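For reference, the structure is listed below as C-alpha cells.
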Amino acid sequence: MKNVVLFGAGQVGTMVSRLLGSGFAISCFADNREGKWGSFIAGIPVVSPEESLLFAPECYCLCVMDEERASQMETQLRELGFDGEIFQAGALRAFDARVATMRLLAEQIHEKNIPGDVAELGVFRGDFAVLINAAFPDRTIHLFDTFEGFPSEDIQIEFDHGLSEAKAGDFSETARDIVEKRLQNREKALFYKGYFPSTFQACMAKEFAFVSIDADLYAPTAAALPLFWERLSPGGVLLVHDVNSLQYTGAGKAVKEFCLEEGILPVPVCDLHGSVLLRKEWKA
Ligand SMILES: C[S@@+](CC[C@H](N)C(=O)[O-])C[C@H]1O[C@@H](n2cnc3c(N)ncnc32)[C@H](O)[C@@H]1O
1 MKNVVLFGAG
11 QVGTMVSRLL
21 GSGFAISCFA
31 DNREGKWGSF
41 IAGIPVVSPE
51 ESLLFAPECY
61 CLCVMDEERA
71 SQMETQLREL
81 GFDGEIFQAG
91 ALRAFDARVA
101 TMRLLAEQIH
111 EKNIPGDVAE
121 LGVFRGDFAV
131 LINAAFPDRT
141 IHLFDTFEGF
151 PSEDIQIEFD
161 HGLSEAKAGD
171 FSETARDIVE
181 KRLQNREKAL
191 FYKGYFPSTF
201 QACMAKEFAF
211 VSIDADLYAP
221 TAAALPLFWE
231 RLSPGGVLLV
241 HDVNSLQYTG
251 AGKAVKEFCL
261 EEGILPVPVC
271 DLHGSVLLRK
281 EWKA
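Positions 1 to 284 (our numbering) are the ones given, in order, by the sequence shown.
Put into C-alpha cells, the structure is as follows:
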C-alpha cells in the first residue's frame, strides 16, 4: 500500500479521498491556504505542503483540475525537495461518474419501460443535455434555462443567506440555438427559455422518467424538486448536481430541506461535484 499525500484540500481533493482504492493510504491533505491548516476532512489532517513532507509520503496526488495550477504545484513540491512519484487527479476529467450514472439509469429505464419524458433544469451550453438526449433518443427532452445566466432575484437570495458568490449573469455565454444545434435528436427537444419556475407552467400535466437538476442556486433547485418529484414515474429519478459543492451550497441546502420534508434518503454519486439521486419507489 502506498503512502500518499493529497495536495489540494478543496472539492477535488475531498472526492479523490473517496475515489482512491485499497492500494493507497492517505497520510494527510496538503494545501497552500493557511486558513485550512489544522483542520480535518473526513478525519484526515490538512497541513502545509512543507509539513506534509514530514509524513514521508511515497507519492503526491495533485488534486486540481487546472493543468497550469497542477504544474505550479509540482514545481513547488520539487523545490521543497520531494523526488518521488507525483500523479494528477486531472486525469479524472476524462471519466465522469455523473455521466456514467445517467447512462446506466437510461439503460435501466428503457429495460423496465419506466414511462415519462426527460428534462434538464440548468442547461447552459448543453454539455450534459446533449448526453441525456443521446441516452434517451426516443424520449422528449424538456430544457429549462434563462439562456442569459443566473437571474438577479435568485442571486439576491444567495447573497442574503451567504450561499455562494454567484453573480447575476454568470453562465450567460450561451443561447438556445447553440444548444439546439448540438443535440443529436433535436426533434425531441422542447426549450423553455426564461425564469424557472415560471417556465414550468407548460409542463404541469407531464410525467418524467429522468430529470437533471443543475441550476447551482438555492431558489431554482428548491422550486424544481417538488415540481418534478410530484410528476416522476415510479422508478423515475432526479439527478441533482452540486449537492456537496463547496462553491455553491444552495443546491445542497434545497435537497436537504426537501428530503427532510418528504422523508427521502438521497443516494450519493461520487462525481467531483457531489451529485445525488432521488428515486421514486418502484414495484415490479
Ligand atoms: C451550471 S449551469 C448548467 C450546466 C449544464 N447542466 C452543463 O452540463 O453544462 C447552471 C445554469 O442554470 C441556469 N439557471 C439558474 N437559475 C435559473 C433559473 N431560476 N431559471 C432558469 N435558469 C436558471 C443558469 O442560467 C445556468 O445556465
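Idealized CB from N, CA, C, for every residue including glycine. Values in this document were obtained by computation on a predicted structure and should not be read as measured data.
Residue i burial status per 10 Å Cβ neighbour count (16 or more: buried)
i, result
"Asn113", "exposed"
"Arg139", "buried"
"Cys270", "exposed"
"His142", "buried"
"Leu232", "buried"
"Val211", "buried"
"His161", "exposed"
"Thr75", "exposed"
"Val255", "buried"
"Gly81", "exposed"
"Met15", "buried"
"Asp242", "buried"
"Met1", "exposed"
"Asp214", "buried"
"Phe343", "Since the first residue shown for the chain is 1 and the last is 284, residue 343 is missing from the structure and cannot be characterised."
"Phe298", "There is simply no residue 298 to check, as the chain begins at 1 and stops at 284 in what is shown."
Expected contact under 8 Å - CB spacing of residue i and residue j to nearest Å
i, j, result
"Gly274", "Asn244", "2 Å"
"Asn133", "Ala56", "That pair is no contact at about 50 Å."
"Leu217", "Tyr195", "About 12 Å; that fails the 8 Å criterion."
"Met77", "Pro49", "The question names Met, yet the displayed sequence has Leu at residue 77. That pair is a contact at about 7 Å."
"Val240", "Val276", "5 Å"
"Phe124", "Phe171", "5 Å"
"Ala168", "Ile178", "Incorrect: roughly 21 Å between the Cβ atoms, too far for contact."
"Glu173", "Phe144", "In fact, because the Cβ distance is near 18 Å, the residues do not count as touching under 8 Å."
"Leu278", "Val237", "7 Å"
"Lys280", "Gly252", "Not quite, the Cβ-Cβ distance comes to about 21 Å (not below 8 Å), so this is no contact."
Nonlocal neighbours in the same chain, by C-beta distance under 7 Å from residue i, ignoring five residues either side
i, result
"Val99", "Leu131"
"Gly8", "Asp31, Leu62, Cys63, Val64"
"Glu158", "Ser164, Ala166, Leu217, Tyr218, Gly250"
"Ala175", "Phe147"
"Ser198", "none"
"Phe128", "Glu120, Ser212, Asp214"
Distance cut-off 7 Å: residue i Cβ against heavy atoms of ligand 2
i, result
"Phe128", "As presented, the structure is devoid of ligand 2, carrying ligand 1 as its sole ligands."
Closer than 7 Å: residue i CB and nearest ligand 1 heavy atom
i, result
"Tyr218", "no"
"Thr146", "yes"
"Val211", "no"
"Ala215", "yes"
"Phe150", "yes"
"Tyr60", "no"
"Glu120", "yes"
"Arg125", "yes"
"Asp83", "no"
"Phe87", "no"
"Asp271", "no"
"Phe196", "yes"
"Asp154", "yes"
"Phe7", "no"
"Phe191", "no"
"Phe95", "no"
"Phe171", "yes"
Cut-off 8 Å between Cβ atoms - residues of its own chain near residue i, not counting five sequence neighbours on either side
i, result
"Asp117", "Arg139, Thr140, Ile141, His142, Lys206, Glu207, Phe208, Ala209"
"Gly84", "Pro57, Glu58, Cys59, Tyr60"
Residues near residue i by beta carbon distance below 6 Å, same chain, minus five either side
i, result
"Gln11", "Leu246"
"Gly13", "Leu6, Phe29, Cys63"
"Phe200", "Leu227"
"Pro137", "Asn185"
"Ala106", "Ala135, Phe136"
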